[in-house]
Amino acid sequence: MPHTNAMTGAQDVASQNPTALPEKVADQPSPENSSSDIEKSPVSSSDDDEFQIPDGGYGWLVVLAVFLINANTWGANSGFSIYLAHYLEDGTFSGGDKYDYALIGGMSFGIGLILAPGVNVLHGYIGTKPTIMLGACVQFAALMMASFAVNLWQLYMTQGVLQSLGMALIALPGFGILPQWFKKRRDIASAIAAGGSGVGGTMYNLAMQKVLEKRGVFWALRAQSILIFGLLWIAIALIRSRMKKSITVSIYDMEVLRSAGFWILVMYCIVCMFGYVIVLYDMAAVTKTLGYSAYQGSIAAAMVQVGSFFGRPIVGLLAQKVGAVTASFIAYVFCAIFTFSMWIPARNLPTMYAYCILMGGLMGTIFATMPPISSKLFGLRKTATAYSMAWIFLGSAGLCSPVIGLALK
């Protein structure tokens, strides 16, 4: 799950200038204002009153809401690792091979991110709560229909395409909420909310493995869809945006596309995602190939999320101390060291568990550092658009990486 504190690099400037948040969105934005031109928006005294950051109060319930969103999107999505391990071993669908199931996993992560610019535009038109409501319904329908799938193409469309779209509609609008409620306590609030992905991933990996063993894979999908749907409505009831309207974000910006820095950032996204999604989805299957049980494999997958729960806030604090680029370099150097020294020679369960915890804490550094890097490269006015365009490449890499990982196994 992308770390909620990641947005502070782009949002901090806005929170220090309350007048940078407009009360209304222009019906027909001009080309000059198409790229999140929040600095040129009209200002009124009510804006000043509205965006006095409370740094607490109801904001703690908003933290709980974002925690639940992270747990039931990024965390729940990591639960695909147990389904992938089952599909590979059981041959659930006629004609499906390991590449089909790996591609479905990549689609469940990547398709929604590829569509991120469109999601942001929709969010700008209908607001935060309606967008998350729509996403909750889409994700519920996707998993429930997947539980009744009888053909492989139906699994592609449900657990692959629809689930990813629903996840994007839920998760992406939640990124900008906490900076509206916290300033001095933003780090601790973001760290608590970001822990949702780790808690959700641990819960869904272990719980759904038990359901799968006792009732089968289709009942596991049904149970997960119902549980996610119920918890998300608690989040919907609690979440509250302090903006009257969302800021209009253009789908693309030619000045950003012509920037060398943008394409360097894109390469960073692609390389990181090739490793991230492989570890996210494959640890259960890899553990089973060492001769251990499916439940022990699900624990390995859950350990990735335990590492995420403890590691991502630490990485976020490190990035504040030494800078986003330096923190990224340190984190991914250690990822490479641990992979060569622990995963490749691993022959026992404790080594796999230790590797999963360490990688879970480090491999998601991209989500904490990409927005601050974007804001420094392109400035506040173009950060939202640049970030949306970068999601396309990040999602594309996430789409392909599980297939590449299985091909190299």
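Per this note's numbering, the very first residue in the sequence shown carries number 270; after that it's consecutive. Using N, Cα and C, we set each Cβ at its ideal position, and we do this for glycine too. None of these values were measured; they are calculated from a predicted model.
I need the DSSP call for residue i, collapsed to helix, strand or coil.
i	result
P614	coil
G576	helix
V419	coil
I508	coil
P323	coil
T620	helix
L668	helix
Y561	coil
T595	helix
T556	helix
D551	helix
I583	helix
D369	helix
G360	coil
V602	helix
Q285	Confidence at Q285 is low in this model, with a pLDDT of 41, below 50, so the placement of that residue should be treated as unreliable; the coordinate-derived value is given next. Q285: helix per DSSP, three-state reduction.
I520	coil
G375	helix
G328	helix
S347	helix
M542	helix
Going by Cα to Cα distance, which pick from the options is closest to residue i?
i	options	result
M426	L372, L438 and A476	L372
G485	T361, P386 and G375	T361
L438	M542, F543 and W343	W343
V407	K398, L431 and L424	L431
A615	T558, S644 and S657	T558
I520	G325, I395 and G387	G387
T608	N617, S433, G544 and G396	G544
S494	P671, G328, G576 and A345	A345
F325	T620, W450 and A463	Rather than Phe, the amino acid found at residue 325 in this sequence is Gly. The shortest Cα separation from G325 among T620, W450 and A463 belongs to W450.
G365	Y656, N420, I395 and T638	N420
S350	M552, S562 and V575	M552
S567	A476, C604 and A440	A476
G464	L677, A340 and S610	A340
Y352	S416, F647, I383 and Y394	S416
V468	P641, G393 and M572	M572
In whole angstroms, what is the alpha-carbon distance linking residue i and residue j?
i	j	result
I223	I338	Residue 223 lies beyond the stretch modelled for the chain, which goes from 270 to 678, so this question has no answer here.
G435	N474	20 Å
A570	S347	8 Å
L481	D522	46 Å
L690	A418	Because residue 690 is not part of the residues shown, which for the chain are 270 to 678, the question remains open.
V602	G633	13 Å
A460	P582	5 Å
G664	K651	20 Å
W660	I380	10 Å
L586	F636	13 Å
G404	S377	14 Å
G429	G375	8 Å
K367	Y356	8 Å
A596	S643	15 Å
K391	Y624	Note that residue 391 corresponds to Leu in the displayed sequence, not to Lys. Their backbone Cα atoms lie some 40 Å apart in a straight line.
A411	Q423	10 Å
I613	F444	36 Å
A666	Y370	16 Å
V672	K590	37 Å
Q285	I322	The predicted model places Q285 with a pLDDT of 41, which falls under 50 and marks its position as unreliable; any figure quoted below should be read in that light. Spanning the two alpha carbons is a distance of roughly 9 Å.
A279	M639	In this predicted model, A279 has a pLDDT of only 40, less than 50, meaning its place in the structure is not dependable enough to derive any value.
G674	V555	11 Å
S363	A563	22 Å
F336	L500	11 Å
Q574	A605	19 Å
I508	K398	8 Å
V540	F662	10 Å
I497	R527	41 Å
W488	G530	47 Å
Y656	L668	18 Å
A440	P448	15 Å
M621	M611	8 Å
G592	K483	48 Å
T433	I383	Correcting the residue type first, residue 433 is Ser in the shown sequence and not Thr. Near 10 Å, if we compare the C-alpha coordinates of I383 and S433.
L646	C538	15 Å
S670	M658	19 Å
Please confirm whether residue i has its beta-carbon closer than 7 Å to some beta-carbon of chain C.
i	result
A410	Among the chains of the structure shown, chain C does not appear; only one protein chain is present.
Q: Inspect the CB distances between the region 529 to 539 and the region 328 to 336 and report whether three or more fall short of 8 Å.
A: no
**Q.** 3 or more residues per run - each beta strand (DSSP E) lying fully within the region 624 to 657
**A.** none
Q: At 4 residues or longer, and completely inside the region 447 to 512: list those alpha helix (DSSP H) runs for me, N to C.
A: 455 to 484 and 486 to 507
Q: Output the residue ranges of the alpha helix (DSSP H) runs that lie fully inside the region 385 to 434 and measure 4 residues or longer, sorted by chain position.
A: 385 to 395, 397 to 415 and 421 to 424
Q.
For the structure I just gave you, are there three or more beta carbon pairs, one from the region 622 to 631 and one from the region 499 to 509, closer than 8 Å?
A. no
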